[in-house]
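A.B. asks:
Protein chains in written order, with this note's numbering: chain A, 191 to 265; chain B, 54 to 554.
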């Protein structure tokens, strides 16, 4: 989780990832943030985020992203 | 002969009165309703605003926004669309250039507008949309328009740190729209899927192809570009046949694997522009949609969105280099050397454009206008302006034009045009930044800022987020003891590029 927070902070230091729960739904993260993020998460956690995983529910909060990472690591 | 874009709106609004013209995720509007709105807005504005004056428009991503634009035109004025999501400093800079006395906003942007350094009158669209049209007044105002009247002013990055407002005339816009419609064979059976923000130059196709030819446009919700499967579902649900997107927008679904799940079943034409298309992504589109017409388009805002086009007939590979093709109708393109002599075939020169599609210049900026729009140095006999694009190219053996990048420090990032000098001017305003250099890592599409001083990368990013559009925020910041220099004292950009990670 720390590593994830570090990636998020570096990507968007202006966003409070501890608090936000509607990052995609409210447009805090735009499509280009998501593309950059997917690439970094795939590399950092050795996972493969698939198009079906790219739904707002999986990226709306740091917690949701962490759950997705754990799920994909188990697969 | 037509005298303004209003001739077209008058025609299509009768012929297609009950047909849906614009649609978004919440609502839709027919040609007839759209036309009526432009007349209401136009009547209200005509009673206040003098002919030929600018009207700033700040309105969201929805079906009513284009009626604000055309409402200003019905009043005999021109519009300057501005994106209310941009930081306040940026909006104030733009308002400082356009110096409009009136700003038309939708209710959702009223608070944003009130917080700006704007001393004119703010008019709320929802308050005036039911104004009874005054046909005689509108007729009088419409008669003041000529083909060379300004239609809109769209802002783009300026190297001195102040955005430049490019002024486009009715004539230029109609020349371009007709030319692009011919290449893509757009007619009233087409449904366009709008990607570009409505205030941005790339949206002119999505707004004016309907007005000119009776096509209709679906405004794709911004969030869907982050959710590729939802994006394709939308394209299929709305039966979208034509897309005129930025290269960045075309890359997105291919990059995120959307074709593994579905594909746009109704798509017939895809036109892309804004930066060089990496063919590994175009290849994915071609593999899944082999019958679609793919068109690579090139050109600056100063030549009304585009200049040249190339219909991609071949199956591309990862390393295919697409030409930018040949000029559209009413566009003339030539290559010039540094000393203003013609560039021989096969050699690289600066791409210059002329024709009725040239912008009227930069708003309120005669110096910059003189510099960029100049007499054709090869013509001593009559007045003929050309625009020097700053882009380099060569004519290949096949007679088509190939693009070779910039001769200056302008870059294309995520479909937006950015002067690296403007990034540096902004960074220098941050407390604790002494010196800096902005560079672009093309392969990773990442904007770098190398800087010296005590500021943290967080300080700098926060400042940018508060003052600049999102696409101008550097993604990677590198703090250095000193910026490397060459023996002649100039900045050593190659040494900095070696530090790209």
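The beta carbon of each residue, even a glycine, is placed where N, CA and C say it ideally should be. Everything numeric in this text was worked out from a predicted model, so none of it was measured.
(1) So for residue 378(B), helix, strand or coil by DSSP?
(2) I'd like to know whether the C-beta atoms of residue 391(B) and residue 403(B) end up nearer to each other than 9 Å.
(3) What number of angstroms, rounded off, separates the C-alpha of residue 438(B) from the C-alpha of residue 210(A)?
(4) Quick one: list the residues of chain A neighbouring residue 168(B), beta-carbon separation under 9 Å, in chain order.
(5) Strictly under 9 Å for the Cβ-Cβ distance: is residue 236(A) near chain B by that measure?
(6) Sort out for me which residues DSSP pairs residue 255(A) with in a bridge.
(7) In whole angstroms, give me the CA-to-CA distance for residue 128(B) and residue 119(B).
(8) For the alpha helix (DSSP H) containing residue 161(B), list its first residue and its last residue.
(9) What residues in the stretch 425 to 457 of chain B have a beta carbon less than 8 Å from any beta carbon of chain A?
(10) Could you name the residues of the same chain whose beta carbon sits closer than 6 Å to that of residue 197(B), not counting the 5 residues immediately before and after it, in chain order?
(11) What in chain B is Cβ-close to residue 258(A), meaning under 9 Å?
(12) Does residue 146(B) come out as helix, strand or coil in the three-state DSSP assignment?
(13) Where do the N-terminal and C-terminal ends of the beta strand (DSSP E) with residue 131(B) fall, by residue?
(14) Can you find the residues in the same chain that come closer than 7 Å, C-beta to C-beta, to residue 308(B), ignoring five residues on each side of it along the sequence?
(15) Residues in the same chain with beta-carbon distance under 7 Å from residue 223(B), minus the five sequence neighbours each way, listed in chain order, please.
(16) Going by Cα to Cα distance, which pick from 222(A), 253(A) and 265(A) is closest to residue 192(A)?
(17) Jot down the residue ranges of each uninterrupted beta strand (DSSP E) in the stretch 224 to 286 of chain B, minimum 3 residues, whole runs only, in chain order.
(18) Given a limit of 7 Å on CB to CB distance, which residues of the stretch 308 to 336 of chain B reach chain A?
(19) In three-state DSSP terms, what is residue 399(B)?
(20) Out of 355(B), 379(B), 460(B) and 461(B), which has the shortest C-alpha to C-alpha gap to residue 450(B)?
(21) Would you mind giving the Cβ-Cβ distance between residue 247(B) and residue 217(A), rounded to the nearest angstrom? I have them listed as a contact below 8 Å.
(22) So if I threshold CB-CB distances at 8 Å, which residues from the stretch 502 to 515 of chain B count as touching chain A?
(23) If you measure from the beta carbon of residue 223(A) to each beta carbon in chain B, is any gap under 9 Å?
(24) Going by alpha carbons, who is nearest to residue 467(B) out of 176(B), 278(B) and 89(B)?
(25) On the CB-based measure, 16 or more other CB atoms within 10 Å of its CB, does residue 487(B) come out buried or exposed?
(26) Find the nearest neighbour of residue 453(B) within the set 388(B), 546(B) and 427(B), judged by alpha-carbon distance.
(27) Enumerate in chain order the residues of its own chain whose CB-to-CB distance from residue 226(B) is below 7 Å, with the five nearest sequence positions on each side excluded.
(28) State whether the stretch 420 to 438 of chain B contacts the stretch 466 to 484 of chain B, with contact taken as three or more CB pairs (one from each stretch) at a distance under 8 Å.
(29) Are there 16 or more other CB atoms within 10 angstroms of the CB of residue 150(B), so buried, or fewer, so exposed?
(30) Please report whether the beta-carbon of residue 215(A) lies at a distance below 9 Å from any beta-carbon of chain B.
(31) Should residue 85(B) and residue 191(B) be called a contact, given that it needs their Cβ atoms to be closer than 9 Å?
(32) If you follow the alpha helix (DSSP H) that residue 387(B) is part of, which residue opens it and which one closes it?
(33) In chain A, which residues lie less than 7 Å from residue 518(B) when you measure between Cβ atoms?
(34) Do we get a CB-CB distance below 9 Å when we pair residue 240(A) with the residues of chain B?
(35) With a threshold of 6 Å on Cβ separation, who are the neighbours of residue 405(B) within its own chain once the five nearest residues in sequence on each side are excluded?
(36) Pick out whichever of 532(B), 516(B) and 550(B) has its Cα sitting closest to the Cα of residue 202(A).
C.D. replies: Once the coordinates are examined:
(1) Reduced to three states, the DSSP call for residue 378(B) is strand.
(2) Contact: yes.
(3) 53 Å
(4) None at all; the shortest Cβ gap to chain A is about 19 Å.
(5) no
(6) Answer by DSSP bridge pairing: none, since residue 255(A) is not bridged.
(7) 14 Å
(8) No alpha helix (DSSP H) contains residue 161(B), which DSSP labels as neither H nor E.
(9) If the cut-off is 8 Å between Cβ atoms, the stretch 425 to 457 of chain B has nothing near chain A.
(10) 104 and 129
(11) The premise fails here: residue 258(A) is roughly 14 Å from chain B at the closest Cβ pair, so nothing lies under 9 Å.
(12) helix
(13) 131 to 134
(14) 334
(15) 57, 58, 198, 200, 202 and 204
(16) 253(A)
(17) Assignment of beta strand (DSSP E) within the stretch 224 to 286 of chain B, counting only whole runs of 3 or more residues, yields 244 to 247 and 269 to 272 in chain order.
(18) In summary, the residues of the stretch 308 to 336 of chain B whose CB is separated from some CB of chain A by less than 7 Å are 308, 309, 310, 311, 313 and 314, in the order they occur in the chain.
(19) Coil.
(20) 379(B)
(21) Distance from residue 247(B) to residue 217(A) at the Cβ level is roughly 17 Å; contact not present, criterion being Cβ atoms closer than 8 Å.
(22) 510, 511, 514 and 515
(23) yes
(24) 278(B)
(25) exposed
(26) 388(B)
(27) 58, 204, 257, 261 and 357
(28) Touching, no.
(29) buried
(30) yes
(31) no
(32) That residue, residue 387(B), is in no alpha helix (DSSP H); its beta strand (DSSP E) goes 385 to 389.
(33) 204
(34) yes
(35) 387, 389, 439 and 441
(36) 516(B)
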